[in-house]
Amino acid sequence: MGVFDARVVVLALRISQAILAIIMLGLSAYVANWWSGYWHAMSPSQINFLVFSAVWTILALLYLIVVPWRFSETKVHHKSAILAAECLTMLFWFAGFIALAVFLSDRVCFGHVCAAAKAAAVFGAIEWALFAATTTMASLHVFRSRGAPVHHHGGKADPNVNLQEGV
1 MGVFDARVVV LALRISQAIL AIIMLGLSAY VANWWSGYWH AMSPSQINFL
51 VFSAVWTILA LLYLIVVPWR FSETKVHHKS AILAAECLTM LFWFAGFIAL
101 AVFLSDRVCF GHVCAAAKAA AVFGAIEWAL FAATTTMASL HVFRSRGAPV
151 HHHGGKADPN VNLQEGV
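Position one of the sequence shown corresponds to residue 1 (full-length UniProt numbering), numbered consecutively onward.
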């Protein structure tokens, strides 16, 4: 077992993704709440999208962690579904942090809410980078295991990204 065993790396990345999703939910909800209260108008769509992305990430992480762990021998767990969840979540974070950065770039911004919005853009970029890493790992697993012989793992090729040997 090497230092960079795929299971350990994926677990560390998942924990980091979950922590950042919770931080992002708090930051973006704070900015959305402030905006709605101060301006008496709906908060910007860029902030609302980051709230959505954080909630989506929590739900996706539940799937990405629980399904390989508890349902590895069922049809619910398939390597293409894992790759799709990874790709979609990565794209959400990319679109979210870019949209917020562009929104903030042409604004006069000061105070605590501005700092929270800027922090949300930075943490969104970090979350995107973490999902880019796990998406790359999932992609490598899918492409390396295509056409592979069938393992005795529910009668199909092993779809568990977390069980791949050294990426």
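Don't be surprised by glycine CBs; every beta carbon is placed ideally from N, CA and C.
Anyone know if the C-beta pair for residue i and residue j falls short of 8 Å?
i      : j      : result
Arg14  : Leu64  : yes
Phe123 : Leu27  : yes
Leu104 : Ala117 : yes
Leu100 : Gln46  : yes
Glu127 : Leu11  : no
Ala120 : Leu61  : no
Lys79  : Val142 : yes
Trp39  : Val113 : no
Taking the straight line between their C-alpha atoms, what separation do you get for residue i and residue j?
i      : j      : result
Met1   : Ala132 : Unreliable positioning characterises Met1 in this predicted model, as indicated by a pLDDT of 45, which lies under 50. The coordinate reading is nonetheless provided below. The straight-line gap from Cα to Cα measures roughly 24 Å.
Ser36  : Val102 : 20 Å
Ala157 : Met24  : The predicted position of Ala157 is uncertain, since its pLDDT is 40 and thus under 50; a value taken from the coordinates is nonetheless stated next. Spanning the two alpha carbons is a distance of roughly 36 Å.
Ala32  : Gly111 : 15 Å
Asp106 : Arg7   : 43 Å
Ala41  : Pro68  : 43 Å
Trp56  : Ile22  : 11 Å
Gly96  : Asn48  : 9 Å
Thr89  : Val108 : 30 Å
Val66  : Ala115 : 35 Å
Gly43  : Arg146 : For the record, residue 43 in the displayed sequence is Ser; it is not Gly. Answer to the nearest angstrom: the Cα atoms are 45 Å apart.
Asn162 : Arg144 : Confidence is the limiting factor: at Asn162 the pLDDT is only 49, short of 50, which leaves the residue's position unreliable, though a coordinate-based value still follows. Roughly 14 Å between the two C-alpha positions.
Ala29  : Arg70  : 32 Å
Ile98  : Leu140 : 26 Å
Since residue i is in the alpha helix (DSSP H), which residue starts that stretch and which ends it?
i      : result
Ile90  : A quick correction: the sequence has Met, not Ile, at residue 90. Taken as a continuous stretch (DSSP letters only), the alpha helix (DSSP H) holding Met90 covers 79-105.
Val108 : Segment: none, Val108 is in no alpha helix (DSSP H) and carries neither H nor E.
Pro68  : 45-70
Met24  : 6-39
Check each candidate in the options and name the one with the smallest Cα separation from residue i.
i           : options                       : result
Leu91       : Val108, Phe52, Ser145         : Phe52
Ala138      : Ala121, Ala120, Ala125, Ile82 : Ile82
Thr136      : Trp34, Thr57, Cys87           : Cys87
residue 168 : Ala125, Leu140, Arg144        : In the structure displayed, the chain extends from 1 to 167; residue 168 sits before or after that span and is not available.
Is residue i close to chain D? Criterion is C-beta to C-beta, closer than 8 Å.
i     : result
Gly96 : The chain inventory of the structure shown lacks chain D, comprising one protein chain alone.
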